[in-house]
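If you read the sequences in order, they're chains A and B.
Quick note, the numbering used here runs 1 ahead of the 1-based positions in the first sequence.
Quick note, the numbering used here runs 174 ahead of the 1-based positions in the second sequence.
Beta carbons: idealized from backbone N, C-alpha and C, even for Gly.
Encoded as structure tokens, the structure appears first; notes follow it.
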Amino acid sequence: MEVFEIDAEKLTPREVNSQIKSAADEYDKIIIRNPNANHYLAAGVTEDVEIEFDGSVGYFGGCMCDGPKITINGNAGWFVGDNLTGGEVIVEGTAGDGAGQGIYDGTVVVKESVGSRTGEIMKNGTIIIGGNSGFMTGIFMMGGRIIILGDVGDDVAESIIRGVVYVRGKIKSLGNNAKIEEMTFEDSLEVEEILSKYEFEVDDISQFKKIVPESTRPFYGH
Amino acid sequence: MCGIAGIVYKDKELHNIGNDMTNMLHQLQHRGPDSAGYSIYGGTGLEENEYILKIQVKESEKLLDKVKHAINFITPIKQDAILPSVGDSFIYKCKISLDEFSQLKPLITKVDTIDDVIVINGSHDFEMIKDVGSVLDIADRYDVRDVKGTHAIGHTRFSTESGVDRYHAHPFQTYIVRDISVVHNGQITNYWKIRDPLERKGHVFETFNDTECLVHYIADKLATGYSLEEALEQSVEDMDGPFSYIIGTPQGIGIAKDKLGLRPGVMAETDDVFAIASEEVSLREVVDTRHVEQISPGEVMVYEI
């Protein structure tokens with residue numbers, strides 16, 4: 002495996018991203034040292050390459066990507082993986098608000114807890130949160146799935162149109178147009194398969210609650 | 175946008191906190207390029223009845239004499255210095271004694287009546303430093319890195335509703351309760367609903383800035399027996415709009431965030447330090463950020479020493 006290393010200590014986000022894009026064609030893996038919680042890192046990468054951050058990233062880490070597998074060995078700020086259309090963004094620590102906001106496809110994984118509005122306006126794809134997720138998780142969700150291993154805050158799946166939110170812990174309250182539905186056998190297989198792929202150990206999948214839209218046309222009638 | 179930060183050393187000892195806060199705010203410079211400011215607590219070394227005044231004076235012949243005369247008429251100036259600044263004014267800093275804290279606001283009002291003079295700050299237990307320009311320029315201008323203290327709050331300002339000048343830079347303070355100051359990121363959209371009852375109670379507002387309203391609100395609560403945590407919790411109920419703000423008091427700092435969580439706030443803590451900021455990039459200057467906690471919508475956090 003050909004590995005390219007970037008020391009971001011004295012580079013601007015634009016310079017880091019420029020180096021990532023130059024190296025993405027030639028190398029299998031890019032390691033970024035000293036990302037220092039800066040914003041916009043690894044934005045818009047469309048190559049099938051592994052990217053590893055040796056530390057935290059700031060806002061919009063790994064946003065608008067299509068293809069790379071990004072691992073953040075630290076925390077992420079707001080909107081990690083925003084508008085992802087393919088590939089993976091894996092955060093080993095915590096993340097701020099709007100994790101996986103507006104994703105079209107691909108997977109965003111946060112191993113610990115996140116802030117509010119996780120997966121807002123997501124269209125497809127998968128978001129996994131290893132800890133708790135805050136207020137209005139899944140707001141305006143239009144597809145895809147969110148899996149929360151911890152608790153979830155108020156108004157989960159507010160104004161959801163399509164998609165599903167699985168929650169293992171406590172649900173503080175449901176948002177408008179959200180309802181809890183019985184997990185099917187197929188659902189449990191799907192959740193188990195996704196979680197095992199990302200090395201989450203869950204003893205009993207039946208603990209999960211499934212939240213879906215009450216209506217697919219909540220504003221305009223049937 | 176604005177950036178806010180706060181730090182407390184848990185051992186209550188003096189630390190190079192001016193340097194720490196400068197580093198924290200420098201990392202938040204992108205959130206606000208217009209002005210920056212600090213409230214640094216615990217290191218003033220003043221006697222119980224002593225106060226520091228910082229007064230913006232326009233470069234003009236004999237104007238400073240007029241200021242000194244106005245102060246000396248009420249209480250003798252014990253010590254003073256001129257701090258050069260930018261623009262057509264400088265900062266006059268002086269030490270005075272007052273029998274009662276309640277005498278401070280009338281004195282400031284008196285000095286403020288002089289044309290081309292604005293009292294920026296009057297305090298006992300904290301040093302307020304604020305000005306237009308970048309964090310590093312301001313830190314150099316006022317030797318902030320040398321200021322010691324036990325805890326501090328700070329701000330980088332992206333102005334929205336009011337002018338860009340030294341007075342409108344954060345922190346803001348009140349003279350209702352001694353040594354309360356605030357830094358704020360956001361807007362209080364029910365500003366008049368909060369301000370009106372406070373004015374009827376006798377609070378004097380100097381600006382139309384919503385941050386000034388916040389510090390009056392909290393001071394009012396503290397003056398009527400609320401703890402800082404209770405005051406912050408009540409503010410989350412009473413204030414509308416997107417906000418996160420940090421209050422500094424002689425005992426510590428506290429943060430409150432609006433119920434929709436529309437402004438950021440993160441916290442990290444070790445055995446030695448409690449730190450809060452708009453972004454992790456700021457926290458990592460002073461504390462191990464392997465575990466960063468997101469401050470939730472409507473959440474309040476207080477650390478007092």
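- In the assembly as shown, LEU190 (chain A) is an exposed residue. Its beta-carbon has fewer than 16 other beta-carbons within 10 Å.
- At least one CB atom of chain A sits nearer than 8 Å to the CB of GLN468 (chain B).
- Leaving aside the five residues that flank VAL338 (chain B) on each side, the residues in its chain whose CB is nearer than 7 Å to its CB run, in chain order, ASP208, SER209 and VAL306.
- The Cβ neighbour count for HIS243 (chain B), taken over all protein chains shown within 10 Å, is under 16; the residue is labelled exposed.
- For TYR365 (chain B), no beta strand (DSSP E) run applies; the uninterrupted alpha helix (DSSP H) run containing it begins and ends at 365 to 374, by DSSP.
- Per DSSP, the beta bridge partners of HIS358 (chain B) are B:TYR419.
- Fewer than three beta-carbon pairs drawn from the stretch 202 to 221 of chain B and the stretch 459 to 468 of chain B are found closer than 8 Å, and the two stretches are therefore not classed as touching.
- Annotation for ILE248 (chain B): LEU281 place their beta carbon closer than 6 Å to its own, counting only its chain and skipping 5 residues before and after.
- Any Cβ of chain B closer than 8 Å to the Cβ of ASP98 (chain A) would place that residue at the interface, and such an atom is present.
- For ARG352 (chain B), the secondary structure class from DSSP, reduced to helix, strand or coil, is coil.
- Look at VAL182 (chain B) here: in three-state DSSP terms it is strand.
- In this structure, LEU202 (chain B) places its C-beta atom within 8 Å of the C-beta atom of GLU453 (chain B).
- For the pair LYS184 (chain B) and ILE327 (chain B), the Cα-to-Cα distance works out to about 15 Å.
- Take the alpha-carbon of ILE172 (chain A) and the one of GLU215 (chain A): they are about 17 Å apart.
- Between ILE450 (chain B) and ILE421 (chain B) the beta-carbon gap is near 11 Å, outside 8 Å, which marks them as no contact.
- Beta-carbon to beta-carbon, SER160 (chain A) and PHE141 (chain A) are separated by about 5 Å, close enough to satisfy the 8 Å threshold.
- Between THR95 (chain A) and chain B, the shortest Cβ-Cβ separation is below 8 Å.
- The alpha-carbon separation between ARG315 (chain B) and HIS329 (chain B) amounts to approximately 16 Å.
- The beta-carbon of GLU454 (chain B) is placed less than 8 Å from the nearest beta-carbon of chain A.
- Following the DSSP letters along the chain, one finds GLY192 (chain B) inside the alpha helix (DSSP H) bounded by residues 191 to 200.
- For HIS358 (chain B), the closest C-alpha among the options B:PHE379, B:ASP299 and B:PHE332 is that of B:PHE332.
- Around ARG146 (chain A), the same chain offers THR127 and VAL165 as residues with beta carbons nearer than 6 Å, after the five sequence neighbours per side are excluded.
- TYR477 (chain B) places its beta carbon 8 Å or farther from that of VAL291 (chain B).
- Per DSSP, the beta-bridge partners of THR72 (chain A) are A:GLU53 and A:ILE91.
- Annotated three-state conformation of ASN295 (chain B) is strand, per DSSP.
- Contact note: THR334 (chain B) does not reach chain A at a C-beta cutoff of 8 Å; the least C-beta distance is about 20 Å.
- GLU6 (chain A): member of the beta strand (DSSP E) spanning 4 to 8, first to last residue.
- Cβ contact annotation for ILE288 (chain B) (same chain, cutoff 8 Å, sequence separation greater than five): LEU237, LYS240, VAL241 and ALA244, in chain order.
- Taking CB atoms only, SER134 (chain A) has no neighbour in chain B less than 8 Å away.
- Residue range 263 to 271 is occupied by the beta strand (DSSP E) that includes CYS268 (chain B).
- Below the 9 Å Cβ cutoff, chain A contributes TYR60, GLY78, TRP79, GLY97, ASP98 and GLY116 as neighbours of PRO438 (chain B), in chain order.
- The beta carbon of CYS268 (chain B) sits closer than 6 Å to the beta carbons of LEU227, ILE251 and ASP254 from its chain, once the five residues preceding and following it are set aside; these are given in chain order.
- When beta bridges are read from the DSSP output, THR127 (chain A) appears opposite A:THR108 and A:ARG146.
- Counting along the chain, PHE247 (chain B) sits inside the alpha helix (DSSP H) bounded by residues 237 to 248.
- Taking 8 Å as the cut-off, the Cβ atoms of GLN361 (chain B) and THR381 (chain B) do not count as close.
- In the structure shown, SER336 (chain B) falls within a coil segment according to DSSP collapsed to helix, strand and coil.
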